[in-house]
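Read the structure below first, then the notes.
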Amino acid sequence: MDCLEFLGLPTVLHKEKKLKEMDSNEKSKLLQQQENSIILNWDSCDIETQNRLKQQLGSIDKQILHYDQLLSFSNWTFSKYTYEERKQKQMYQWDIFYCELGHNIGTEKNKTRPVLIIQKTKGYLNAKTIMIAPITIGENFTNLYKHEILIDHTERGKIRGKIDLSHIRSIDRSRLDEKYSDRLLKENEYISRFGKGNYETTQSKVNKALKRLFSIDE
0 MDCLEFLGLP TVLHKEKKLK EMDSNEKSKL LQQQENSIIL NWDSCDIETQ
50 NRLKQQLGSI DKQILHYDQL LSFSNWTFSK YTYEERKQKQ MYQWDIFYCE
100 LGHNIGTEKN KTRPVLIIQK TKGYLNAKTI MIAPITIGEN FTNLYKHEIL
150 IDHTERGKIR GKIDLSHIRS IDRSRLDEKY SDRLLKENEY ISRFGKGNYE
200 TTQSKVNKAL KRLFSIDE
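Anchor point for the sequence shown: position 70 equals 69 in numbering that gives the first Met the number 0, and the numbering is continuous, going up by one each time.
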């Protein structure tokens, strides 16, 4: 078995099973192939980076923005290669954490930004992955899409912006800060702050939008 076939095995359990079937010579050969492939990949990345650095994009402003993208990508690649696992002592649905989303493809949300925990945490507190929705910071948003929910009030008042449910994703918890930054208000907290009234919580708006987004019947 060569290193690409081994890489293509679906899970770690499959790979551990395959290793038990191999003798020491086969393992040594596989290890050498892996080492050569890693070096080849890094060399290919270096060549591609050099080619992109040589691209002539017209104005110096365009060149700077182009280099900024390359720098973001290379920084994120190195961060993933050297990342340290982080553990949150407490996490609840509707908490807001800062999250390292990294450098992604196309219009996917990038870099460090606040995200909303949309997954129920009861029974999943020790899960290694969690469902989140990214938040775009700001206050003067107009013409929101149906999948965008404005954050009106939070526990600490730190986060103002819109929740983008079109970019929900499952992430490893190591991407999150160790402590939450803010939290959406509960219904009783609206009443204690603003008096009795007909309040629709941000949580309720998110739940309704998710049902529309995924065509879930009431």
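We treat Cβ as the ideally placed atom computed from N, Cα and C, and that holds for glycine.
When the alpha-carbon of residue 123 is set against those of 92, 132, 142, the nearest one is in 92. Rounded to whole angstroms, residue 136 and residue 2 show a C-alpha spacing of 44 Å.
Looking only at 73, 59, 56, 22, the smallest Cα-Cα distance to residue 47 is reached by 73. For residue 104, the closest of 30, 75, 55, 147 by C-alpha to C-alpha distance is 75. Under the DSSP definition of a beta bridge, residue 163 partners with 147.
Cβ-Cβ distances below 8 Å link residue 156 to 181 in the same chain, with the five nearest sequence neighbours on each side left out; the list follows chain order. Three or more Cβ pairs closer than 8 Å define a contact, and the stretch 113-130 meets that threshold against the stretch 165-172.
In this structure, the beta-carbon distance from residue 205 to residue 164 falls below 9 Å. Within its own chain, no residue has a Cβ closer than 7 Å to the Cβ of residue 188 once the five positions on either side in sequence are excluded.
In its chain, beyond the 5 residues on either side, 0 have a beta carbon closer than 8 Å to the beta carbon of residue 25. Put simply, the backbone Cα of residue 98 is about 12 Å away from that of residue 168.
Rounded to the nearest whole angstrom, the C-alpha separation of residue 216 and residue 113 is 30 Å. Nearest neighbour of residue 177 by Cα position, chosen from 84, 130, 213, 192, turns out to be 84.
Residue 128: member of the beta strand (DSSP E) spanning 128-136, first to last residue. In chain order, 140, 143, 161 place their CB closer than 7 Å to the CB of residue 149, counting only its own chain and leaving out the 5 sequence neighbours on each side. In this structure, the CA atom of residue 37 is about 24 Å from the CA atom of residue 68. If only complete runs of 4 or more residues are kept, the stretch 3-89 shows the alpha helix (DSSP H) at 11-20, 23-52, 59-81, in order along the chain.
Residue pairing by DSSP places residue 168 opposite 131 in a beta bridge.
As the crow flies, the alpha-carbon of residue 56 is around 13 Å from that of residue 50.
The Cβ neighbour count for residue 190, taken over all protein chains shown within 10 Å, is under 16; the residue is labelled exposed.
Going by C-alpha positions, residue 186 is about 19 Å away from residue 118.
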